[in-house]
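First up is the structure itself, then whatever we jot down about it.
In our numbering, the protein residues as written are 4 to 803.
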């Protein structure tokens, strides 16, 4: 094999010779392995993040600055113990946060590897689909509309239009024919071609392969909601702290001495764990979905799936098997049934792996019809605008044309009319009522086109489609079937799987005003005769009616609809362009993976809601309680050291909410936080009141003071109250209705055990208190948080 840096001017025959390959058989598997070892994989190593810089960034930002300022003030005030402990906690928190996010990024990287480009390659004389990273120079590949060009490829035969805008900035597609070069990363828009791989990996013309799947982390709508909510909480905290400073000034207390505590209380209201919690929650959800055949290419897609209330599903490949087979054939015009199979196979191409093409080829082989001696000089694949495939065939020095496609389209090509066209329509309707797809076959020559016959193809519904559609309906999601097939076929399939009987043709929307059309789309159970561009309009219409829409698709023309939908789902057989536009890629066929996506998405939503509720209540419990206690008693019941330690322990647990066994809702989720905010504010007020009551008992009856362990007892109160509150907010019903995850239970149990040990034995900065006092705090919050507050929460949420 000889590598040449520039093949653009080299003739096709010479290129094949230099690369020591064959257009008929491609490379052998052994030769491909040998070349792969020589040149390496067809990929460009991705620039990795610098781990050291990523770790150092944990010490940069509002939270880190606040703690570092607290350390500085502690140094100025000579509080060496506070300085050492807060510094240690800052470092430990940075290490844990770095480890959690680094692990989440590794999980996302693992998902990206599963979404690599796949290429059609000829090896050992047979076409197969392999990961594009395994391509080597000399591989004969097939590129079709919708594919990303997997390497630098020289066109051998066929014509294709490619979009090179991502590489060259050209706004219009560029035509490529035999002898031209296709460059890695460009997108085939129209046509198809066979070519030979010239350069791979870092040796490609542009020096890098296109990275198709970038896992986006767009700002979520929920973040905007939470940010507005927490801004209100932050304002409340600032007001309370201002009151505390005024009270301290009037009481003659040094304001400088209160500054460290005030800074720490202020930072406790900031959602420092929000980015990590979202990333970890959605990354873990993505890993869970990957096991179920769902690859998430945009982390927020699983959260969007929780709110989806309409799924627009392609019939073929999603609801049905997408494995067409010949049900029966009808010969016409003096031709035989074998002729129908033969000319249908000649108007097909196996390399494309098109289901209809494969059905005709398989039928010809089943009948023992030999295609030897027939040379396919030119092939035009199916185009929605012409609704047919066409091939120019040469045999024994004579050329003729074989076509197949929609029955009425082919009949029109053959100039059939009158009684014959009525007979054809009757046959099509008869087959359609059985759920068959009718494809007509014709032969063209000097006398024009002659109708050879018609073939009924059957693509049966999947055995589980009806059950899964019913399951989606039970989850509050209506399924609308979209298909390019005729109306009778669509109605038969929809009836069989239980979608509904209100199936219309797209032409029924013509002439309607925009509002009437939107109403019709919303009320329909599906549409027949749908072109790819219609899908985009259907999605837009449903979104205009305030629906959250899921859309399945597989072709390059589906990309706009997949991009427009909140949940764009590329099915397992989708083109690279569809996968690039979608936010979810299915690796298995059928609807069961979509059910898993919705269920896991709703679990993720519930985990995020749990975090929101916990954050609101925790802010009330810590900040409002500490300031209110000071305003009432004149004593700060906890200091900066205790608050920092408390925040560290609680944040460690709240991150583990990302693993919780949340119960998915039975209906689509929304971000109507009104009832949730009311419930959380009410619970926060209750927690503060209950904590103040327990503080009164501690100071009035247990006679605890600063000198006898009041701060240690208050530390126990805040930890135990926060831990038991998590049990309350994680479940919309009574807390015992579902079991927390083992990780969450371990985190809560570990925090409470550590707090108990620290409180009983003491550490520098926290003096020991009797274990009986610790058990009083345990019992207090078991009674109020798990019993009284939980019952109030249930009643408030049921008033929604």
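Built from N, CA and C at the ideal position, the CB exists for glycine as well.
Using the C-alpha atoms, what's the distance from residue j back to residue i?
i, j, result
"residue 312", "residue 485", "16 Å"
"residue 239", "residue 165", "58 Å"
"residue 374", "residue 482", "43 Å"
"residue 251", "residue 629", "14 Å"
"residue 189", "residue 379", "27 Å"
"residue 699", "residue 626", "18 Å"
"residue 787", "residue 712", "23 Å"
"residue 455", "residue 407", "10 Å"
"residue 468", "residue 202", "44 Å"
"residue 598", "residue 555", "13 Å"
"residue 758", "residue 722", "7 Å"
"residue 633", "residue 243", "10 Å"
"residue 573", "residue 600", "13 Å"
"residue 800", "residue 740", "15 Å"
"residue 651", "residue 611", "19 Å"
"residue 410", "residue 534", "17 Å"
"residue 20", "residue 391", "36 Å"
"residue 291", "residue 299", "10 Å"
"residue 675", "residue 475", "22 Å"
Please go through the same chain and pick out, in chain order, the residues whose beta-carbon is closer than 8 Å to the beta-carbon of residue i, but skip the five residues on each side of it.
i, result
"residue 404", "393, 394, 395, 396, 446, 447, 448 and 452"
"residue 510", "532"
"residue 356", "123, 130 and 132"
"residue 372", "341, 344, 345 and 348"
"residue 808", "Absent from the model: residue 808. The displayed extent of the chain is 4 to 803, so no value can be given."
"residue 361", "327, 351 and 353"
"residue 789", "727, 730, 731 and 738"
For residue i, report the span of its beta strand (DSSP E) as first-last.
i, result
"residue 484", "481-485"
"residue 160", "155-166"
"residue 801", "Neither: residue 801 is in no beta strand (DSSP E) and is coded neither H nor E."
"residue 529", "529-531"
"residue 554", "552-556"
"residue 403", "401-409"
"residue 145", "143-147"
"residue 192", "190-202"
"residue 316", "313-317"
"residue 139", "No beta strand (DSSP E) contains residue 139, which DSSP labels as neither H nor E."
Are the beta-carbon atoms of residue i and residue j separated by less than 8 Å?
i, j, result
"residue 307", "residue 551", "yes"
"residue 86", "residue 78", "yes"
"residue 143", "residue 24", "yes"
"residue 742", "residue 668", "no"
"residue 161", "residue 204", "no"
"residue 22", "residue 137", "no"
"residue 806", "residue 771", "Here the chain has residues from 4 to 803 only, and residue 806 is not among them."
"residue 186", "residue 207", "yes"
"residue 617", "residue 728", "yes"
"residue 697", "residue 631", "no"
"residue 463", "residue 324", "yes"
"residue 547", "residue 521", "yes"
"residue 875", "residue 724", "This structure does not reach residue 875, given that the chain is present from 4 up to 803, and the question cannot be answered."
"residue 565", "residue 581", "yes"
Tell me the DSSP bridge mates of residue i?
i, result
"residue 44", "None, per the DSSP bridge assignment."
"residue 328", "461"
"residue 382", "394"
"residue 130", "125"
"residue 452", "447"
"residue 507", "530"
"residue 441", "459"
"residue 178", "164"
"residue 151", "190"
In its own chain, which residues sit with a C-beta less than 7 Å from the C-beta of residue i, not counting the 5 before and 5 after it?
i, result
"residue 793", "731, 737 and 738"
"residue 359", "327, 442 and 460"
"residue 590", "296, 298 and 575"
Where does the unbroken alpha helix (DSSP H) through residue i begin, and where does it stop?
i, result
"residue 654", "643-658"
"residue 632", "628-636"
"residue 477", "468-477"
"residue 572", "Run containing residue 572: none in the alpha helix (DSSP H); it sits in the beta strand (DSSP E), 570-573."
"residue 748", "745-764"
Got a sec: is the Cβ-Cβ distance from residue i to anything in chain C below 8 Å?
i, result
"residue 715", "Here there is only one protein chain, and chain C is not present."
I'd like the list of long-range same chain contacts for residue i, defined as Cβ closer than 6 Å, with 5 residues on each side in sequence excluded.
i, result
"residue 705", "none"
"residue 428", "none"
Given 7 Å as the limit, tell me if residue i has its C-beta closer than that to any heavy atom belonging to the ligand ADP.
i, result
"residue 680", "As presented, the structure is devoid of all ligands, the ligand ADP included, so that no description of it is given."
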